[in-house]
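These notes concern the structure reproduced below.
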Amino acid sequence: MGTVSGVLLTGVGKRYDIVATFAQHGTVVAADPNPLAPAQYAATHRHAVPRIDDPDYVPALARLCAEHDLGAVVPLTDLDIEVLAHARADGVLPALVPDPEIARATYDKYEAHLLLTRLGLPSPPTVLPGEPVERYPVMVKPRQGSGARSIHPARDAEEAAFFCRYVEEPVMVQRLMDGPEFSMDCLSDRQGRCLNVIPRTMIESRGGESIKGTVIADRELIDLGRSVVEALGVRGPCTVQAFRDREIGLGITDVNTRFGGAFPAPVYAALPGRTYPELIFRMARGEQVEPHVGEFRAGRTFTRYFWQLELDEDLRPTGRDIVDPPGPPAPS
Ligand SMILES: Nc1ncnc2c1ncn2[C@@H]1O[C@H](COP(=O)(O)OP(=O)(O)O)[C@@H](O)[C@H]1O
Ligand SMILES: [Mg+2]
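For any residue, its number in this note's numbering is found by taking its place in the sequence shown, counting from 1, and adding 827.
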């Protein structure tokens, strides 16, 4: 067995940008049950694994870690964070995830609201269906939603009651925040120390993915991001979303203890050698990374688009692309 140094990414799905960036800095193994998950083709090695609810899921990941000398496991979706959190707590996987209670609470937006409030962190007024509402308008949101699924604004009690019945899953009723929305892309070490927070605007989102935005050096947002990840004891990446409401100021609307939907933004903004994948490789090798919160280049803007791979009859990438070379023309 060699030196432990590589990274295992789980549930890679369509997140080709994340896998490809990691692969530029070291050995990456992609694990996904779907043989057509495009992002696995950016990895050094790709492996099909059992479904998350299969009792062999964690043992299969542990075998991959041993076989490929992997020192960090990073989930790219919400779906296996809690399973990985238990495996980390049991000393079975070197996963960069929070404690199981935090993983569970942040998967449920109402539990997350209660937790943030208990920790003295700003969360918009939020109640369960049938409980009294302070004021309208509100947002009716699924407690375990993702990808901006089934979220409905309601102007009064009657509309709110309708959407609470209409949405076919447990929902909550949250004050509709009036003001700009931001995301903070954060990274913490294995001790729960915040290493960096990189805030960005959300100019345009589609299906929960931020597709246009600008990195900003907003002190209040940087401090809020750090307070959240340190209070929750986050390990690894975390994305905190907040609105700056014209009346009540900052309110946190979503905490995801994984990479956010706009992974390139903090990569563009990071100082040389300090992109989050590079820092995660250092953690995988057992190095201590010093916190450098607020050190990044503000003003970088990203605008995202779709791409694809051609696969042959055996589902191997052909290496062919519709443009040659791929990417933008060289500057003249
Ligand atoms: N309380 C709120 N007020 C206004 N807009 C909201 C509120 N909550 C959510 N939204 C909008 O819905 C989008 C998705 O909601 P979010 O809570 O981030 O859930 P998820 O990303 O898990 O689907 C947000 O990015 C935001 O634009
Ligand atoms: Mg969100």
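For glycine and all other residues, C-beta sits at the position ideal for the given N, C-alpha and C. Predicted, not measured: the structure shown is a model, and the values here were computed from it.
Nonlocal neighbours in the same chain, by C-beta distance under 8 Å from residue i, ignoring five residues either side
{"i": "Arg1020", "result": "Glu1057 and Pro1118"}
{"i": "Asp1045", "result": "Phe1009 and Pro1026"}
{"i": "Ala984", "result": "Val960 and Tyr963"}
{"i": "Gln971", "result": "Tyr934, Asp935, Lys936, Glu996 and Pro997"}
One or two residues paired with residue i in a DSSP bridge
{"i": "Gly1063", "result": "Ser1015"}
{"i": "Thr837", "result": "Ala858 and Pro902"}
{"i": "Cys1021", "result": "Ser1015"}
Contacting residues, own chain, Cβ-Cβ under 6 Å from residue i (five flanking each side not counted)
{"i": "Ala857", "result": "Leu836, Val839, Val846, Gln867, Ala870 and Arg873"}
{"i": "Ala1125", "result": "Val1042, Ile1043 and Ala1044"}
{"i": "Cys1065", "result": "Cys1013, Val1056 and Thr1084"}
{"i": "Tyr884", "result": "Pro877"}
{"i": "Arg931", "result": "Glu909"}
Coarse secondary structure for residue i, derived from DSSP in three states
{"i": "Ser832", "result": "coil"}
{"i": "Glu1105", "result": "helix"}
{"i": "Pro886", "result": "helix"}
{"i": "Phe849", "result": "helix"}
{"i": "Thr871", "result": "coil"}
{"i": "Asp1050", "result": "helix"}
{"i": "Met1110", "result": "helix"}
{"i": "Glu1117", "result": "coil"}
{"i": "Ala1092", "result": "helix"}
{"i": "Val998", "result": "strand"}
{"i": "Ala893", "result": "helix"}
{"i": "Asp1045", "result": "coil"}
Check whether residue i and residue j have beta carbons under 9 Å apart
{"i": "Leu903", "j": "Arg1085", "result": "yes"}
{"i": "Arg1027", "j": "Gly1040", "result": "yes"}
{"i": "Ile1079", "j": "Pro951", "result": "yes"}
{"i": "Ser832", "j": "Leu948", "result": "no"}
{"i": "Thr848", "j": "Thr1102", "result": "yes"}
Same chain, Cβ closer than 7 Å to residue i, five either side skipped, listed in chain order
{"i": "Pro925", "result": "Ala912, Leu1059, Gly1060, Val1061, Arg1062 and Thr1084"}
{"i": "Asp1072", "result": "Met1004, Asp1005, Gly1006 and Gly1078"}
{"i": "Arg982", "result": "Tyr963 and Pro964"}
{"i": "Ser973", "result": "Asp905 and Gly1035"}
CB contact check: residue i to chain C, cutoff 9 Å
{"i": "Val965", "result": "The structure shown contains no chain C, having only a single protein chain."}
query = Mind pulling the alpha helix (DSSP H) runs of 4 or more residues that sit fully within the stretch 907-940?
reply = 908-916 and 927-934
task = Go through the stretch 940-991 residue by residue and report every complete run of the beta strand (DSSP E) that reaches 3 residues or more, in order.
result = 965-969 and 979-981
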